[in-house]
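Structure first, commentary second.
Numbering (our numbering), first residue to last: 343 to 538.
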């Protein structure tokens, strides 16, 4: 046998083993963090060891909390989803230099809800602008959305699959704290009432 070929095979097997072990321990650590939610929220960790998610129900709506690990080109993220179908799509972001640029060059078609402060603070995109305006005409919806993005979530997405918020570069010690997660789910639940 060729010794060079055998050395490359051995190196490849060791590299794969190291990556798999690293991924396993990282997923295990994430599952331990998510398991803290068991005491506070009705739900359970995913049965699969490599799936760092927690699934449950809150006031009759299913939710999923997912932690993704840092990838080569992506930061770690926390995603909370509430399964409530909507007849319209809506995405809400905080205004930024990038959104301003998109509006100036005509790539972004912003929905204005005729609330000067809210329109200045947030970028709203929707496939049904009238529904988005109606949705945010309710002060409870505006307040819940503002509070969610105030917690550091970078976007609120509402579509036919449900409601979703996402936070990149989450802090394990604060963002996964049970009361904070419950607060986010409660705010999503308020927003879900406006999705028909």
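Even for Gly, the Cβ is constructed at its ideal location relative to N, Cα and C.
- Cβ neighbours of residue 527 within its own chain (closer than 8 Å, five residues either side excluded): 383, 400, 405, 422 and 424.
- Residue 498 has 434 and 507 as its beta-bridge partners, per DSSP.
- A distance below 6 Å between beta-carbons, with the five flanking residues on each side excluded, links residue 475 to the following residues of its chain, in chain order: 455.
- Three or more Cβ pairs closer than 8 Å define a contact, and the stretch 528-537 meets that threshold against the stretch 467-484.
- For residue 502, the CB contacts under 6 Å within the same chain, skipping 5 residues up- and downstream, are 427 in chain order.
- Looking at the DSSP output, residue 349 shares a beta bridge with no other residue.
- The Cβ-Cβ distance between residue 403 and residue 497 does not fall below 8 Å.
- If you look at residue 527, you'll find it in the alpha helix (DSSP H) that goes 520-534.
- Counting C-beta atoms within 10 angstroms of its own C-beta, residue 504 has 16 or more neighbours from the protein chains shown and is therefore classed as buried.
- An exposed status is given to residue 358, since fewer than 16 other beta-carbon atoms sit within 10 Å of its beta-carbon.
- Apart from the 5 residues on each side of it in sequence, residue 377 sits with its Cβ closer than 7 Å to the Cβ of 387 in its chain, given in chain order.
- The DSSP-derived three-state label of residue 354 is helix.
- Under the three-state reduction of DSSP, residue 398 is assigned to strand.
- For residue 476, the enclosing alpha helix (DSSP H) covers residues 471-478.
- For the set 360, 420, 398 and 349, the Cα lying nearest the Cα of residue 507 is the one of 420.
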